[in-house]
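Reminder that position 403 of the sequence shown reads as 537 in the numbering used here, one-by-one numbering, no gaps.
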Amino acid sequence: MYYSSTRDKNIKLTASQAVLKGLSDDGGLFVPSEFPKLSLSLDELSELDYKEIAYEVMKGFLDDYTEEELKDCIDKAYDTKFDTPEIAPLCYADGAFYLELFHGPTIAFKDMALSILPHLLTTAVKKNHSDKEVVILTATSGDTGKAALSGFSDVKGTRIIVFFPKDGVSNIQKLQMITEKGKNTEVIGVDGNFDDCQTGVKNIFGDAELREKMAKAGFQFSSANSMNIGRLVPQVAYYVFAYAKLVKGGKICPGDAINVCVPTGNFGNILAAFFAYKMGLPIKTFICASNENKVLFDFFKTGTYDKNREFILTDSPSMDILISSNLERLIYLSTGCDADKTKTMMENLKNGGKYEITDDMRAFIDDFVGEYADQKECAGKIKDLYDKTGYVIDTHTAVAGAAYDKYVKETGDETVTVIASTASPFKFSKAVLKAIDDKLPEMSDFELTDKLSAVANVEVPNAVKELKTAEIRHKKVCSVSEMKKCVLDNMGI
Ligand SMILES: *Cc1c(COP(=O)(O)O)cnc(C)c1O
């Protein structure tokens with residue numbers, strides 16, 4: 135097993151090298167040369183807890199980590215940082231199972247992978263005898279930033295720089311980031327949208343001259359974005375876990391196919407579900423839910439990916455994305471692992487903002503269905519679910535919930551469905567409360583969280599409580615063209 139680049143088949147790295155590197159120098163993403171199969175039966179898996187399943191899933195992909203190394207990483211990640219020993223509870227509400235992926239330290243699903251990535255990365259540093267300090271560069275649409283900061287905060291041998299769109303995240307998301315205490319952290323607001331941040335980071339990664347300069351000064355880059363295979367692989371685990379829970383709870387029989395519905399931005403989370411399927415997990419349909427930035431909906435419908443459109447700011451900011459980076463991995467697989475062809479398409483995307491796939495490729499991705507929900511439908515779903523069940527979901531999960539309802543209406547498909555619940559509603563209190571009560575008076579962020587606590591009958595998570603008194607430590611703002619300079623300044627080179 136090795137990892138090659140989606141844009142160059144001659145690149146061959148071990149798993150730990152791929153984790154360490156993050157993104158290939160040619161701008162491609164690392165992909166495994168084969169998909170490992172689950173080594174236990176679905177019945178056997180149903181008896182395991184989260185950490186045990188994580189090990190079963192990850193050992194196949196990260197095959198140059200020893201059992202001891204991998205189990206150590208898993209133990210350090212999925213501990214009391216999560217507010218429930220279950221790690222990812224599965225909650226039934228009004229026709230679907232919500233897989234709650236937001237019980238980690240920053241109350242968004244990014245914690246599922248970013249609580250383990252720093253351990254995978256520092257282990258990779260040791261394994262590969264690298265003597266360089268690892269500089270994590272991250273672009274965030276809101277949730278990755280804090281989850282990455284929290285994961286890498288004061289981790290020896292690393293420093294982390296986070297770029298976020300200065301007007302493109304929620305107040306709570308912003309507060310979470312700019313109050314980060316870690317001494318090795320820097321948080322910078324960018325005068326641009328998420329795509330600008332992500333493209334800026336990708337360009338810095340692709341800068342060969344800069345890499346050389348850094349190497350001389352004792353630094354190397356890595357990525358905490360879902361472009362890093364060390365982010366993607368841990369996410370595969372929770373789909374297997376959800377399936378195991380459904381079997382254990384008698385909701386399905388081992389072997390029954392399920393559907394998954396995922397609120398999608400960068401296409402990492404839903405791709406992890408596809409990886410689980412490739413490992414042998416019975417999944418029938420991948421419902422890819424978008425908000426009004428519905429470039430993926432159009433892509434699955436027409437076979438043309440076209441980002442030439444207005445960028446819309448919505449109440450689900452972590453999905454306000456027009457360039458879904460991880461789609462490149464699916465494109466690559468759909469070409470029959472043809473790196474040259476993938477490279478051409480990605481060049482078309484870069485130059486003209488679009489590319490088209492062939493009929494064969496479309497047949498390969500046939501199990502994906504695009505759906506989308508606009509702001510009104512998303513708010514309607516939050517209210518409807520609350521009125522019917524008392525269960526409160528966040529705005530991103532609501533996009534998936536509304537998209538799922540549309541899918542069922544269109545297809546009549548009654549397959550048991552797992553909806554990825556990607557953030558705690560407390561991260562988006564205002565939009566959630568407004569959806570439930572359109573006469574909501576003006577309130578401060580913390581009045582809103584108290585109110586939501588009363589409405590949802592759920593305690594305010596610590597991650598929000600502690601923001602009340604936290605000191606603001608990061609005030610820097612830059613333009614897109616200044617991002618590289620900020621990185622150089624951080625390293626003092
Ligand atoms: C990041 C994020 C998403 C999108 O996930 P992708 O893996 O980028 O598709 C959806 N919801 C929330 C809350 C997120 O933080």
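Glycine included, C-beta positions come from ideal geometry on N, C-alpha and C.
Small disclaimer: the values here were computed from a predicted structure and weren't measured.
{"Check": "Measuring CA to CA, which of 209, 240, 205, 203 is closest to residue 217?", "Outcome": "240"}
{"Check": "Residue 194: which of 622, 562, 370, 597 sits nearest, CA to CA?", "Outcome": "370"}
{"Check": "Whose C-alpha, out of 311, 144, 155, 594, is nearest the C-alpha of residue 605?", "Outcome": "311"}
{"Check": "Could you give the DSSP three-state label for residue 465: helix, strand or coil?", "Outcome": "helix"}
{"Check": "Mind checking who residue 488 pairs with in its DSSP beta bridge?", "Outcome": "440"}
{"Check": "Is the Cβ-Cβ distance between residue 506 and residue 425 less than 8 Å?", "Outcome": "yes"}
{"Check": "Please work out which residues of its chain come closer than 7 Å, Cβ to Cβ, to residue 373, disregarding the five sequence neighbours upstream and downstream, and give them in chain order.", "Outcome": "394, 406, 407, 410, 415"}
{"Check": "Out of 499, 566, 602, which has the shortest C-alpha to C-alpha gap to residue 517?", "Outcome": "566"}
{"Check": "Based on the DSSP secondary-structure assignment, which residues constitute the bridge partners of residue 353?", "Outcome": "267"}
{"Check": "Within the present structure, is the beta-carbon of residue 327 separated from the nearest heavy atom of ligand 1 by less than 7 Å?", "Outcome": "no"}
{"Check": "Going by the DSSP bridge assignment, what does residue 611 pair with across the sheet?", "Outcome": "323"}
{"Check": "Taking the straight line between their C-alpha atoms, what separation do you get for residue 289 and residue 316?", "Outcome": "9 Å"}
{"Check": "Taking the continuous beta strand (DSSP E) assigned at residue 123, which residues delimit it?", "Outcome": "Not covered by the structure: residue 123. The range shown for the chain is 135 to 627."}
{"Check": "Where do the N-terminal and C-terminal ends of the alpha helix (DSSP H) with residue 212 fall, by residue?", "Outcome": "Note, residue 212: premise wrong, no alpha helix (DSSP H); not H, not E."}
{"Check": "Is the closest heavy atom of ligand 1 to the C-beta of residue 266 under 7 Å?", "Outcome": "no"}
{"Check": "Report yes if the C-beta of residue 397 is less than 7 Å from at least one heavy atom of ligand 1; otherwise report no.", "Outcome": "yes"}
{"Check": "For residue 489, which residues in the same chain have their Cβ closer than 7 Å to its Cβ, ignoring the five residues on either side in sequence?", "Outcome": "439, 479, 482, 483"}
{"Check": "Go to residue 190, then tell me how far its alpha helix (DSSP H) extends in each direction, as first and last residue.", "Outcome": "184-195"}
{"Check": "Return the CA-CA distance between residue 396 and residue 350, expressed in angstroms with no decimal places.", "Outcome": "43 Å"}
{"Check": "So that I know if they touch, is there some Cβ in chain C lying closer than 8 Å to that of residue 528?", "Outcome": "No chain C is present in this structure, which holds just one protein chain."}
{"Check": "What I want to know is whether the C-beta of residue 360 ends up closer than 7 Å to one or more non-hydrogen atoms of ligand 1.", "Outcome": "yes"}
{"Check": "Could you tell me the distance, in whole angstroms, from the CA atom of residue 146 to the CA atom of residue 590?", "Outcome": "50 Å"}
{"Check": "Whole angstroms is fine: what's the gap from residue 628's alpha carbon to residue 305's?", "Outcome": "Because the chain in this structure spans residues 135 to 627, residue 628 falls outside the shown range and cannot be described."}
{"Check": "According to the neighbour-count rule (16 or more other Cβ atoms, all chains shown, within 10 Å of its Cβ), is residue 167 buried or exposed?", "Outcome": "exposed"}
{"Check": "Mapping the DSSP letters down to three states, classify residue 299 as helix, strand or coil.", "Outcome": "strand"}
{"Check": "Kindly confirm or deny that the stretch 564-582 and the stretch 244-251 touch, where touching means at least three C-beta pairs closer than 8 Å.", "Outcome": "no"}
{"Check": "Can residue 455 and residue 427 be called in contact, C-beta distance under 8 Å?", "Outcome": "yes"}
{"Check": "Output the residue ranges of the alpha helix (DSSP H) runs that lie fully inside the stretch 361-441 and measure 4 residues or longer, sorted by chain position.", "Outcome": "363-382, 402-413, 429-436"}
{"Check": "Please list the terminal residues of the continuous beta strand (DSSP E) segment that includes residue 225.", "Outcome": "224-227"}
{"Check": "What whole-angstrom Cβ distance do residue 473 and residue 140 have, given they're in contact under 8 Å?", "Outcome": "6 Å"}
{"Check": "What residues are listed by DSSP as bridge partners for residue 316?", "Outcome": "The partner list for residue 316 (beta bridge, DSSP) is empty, contrary to what the question assumes."}
{"Check": "Residue 293 bridges to which residues according to DSSP?", "Outcome": "269"}
{"Check": "Given a cut-off of 8 Å on the beta-carbon distance, is the pair residue 142 and residue 162 in contact?", "Outcome": "yes"}
{"Check": "Buried or exposed: residue 237, going by 16 or more other Cβ atoms within 10 Å of its Cβ?", "Outcome": "buried"}
{"Check": "Could you tell me which of 508, 509, 431 sits nearest to residue 461, measuring between CA atoms?", "Outcome": "431"}
{"Check": "Taking 7 Å as the cut-off, is the beta-carbon of residue 646 closer than that to any non-hydrogen atom of ligand 1?", "Outcome": "With the chain covering only 135 through 627, there is no way to say anything about residue 646."}
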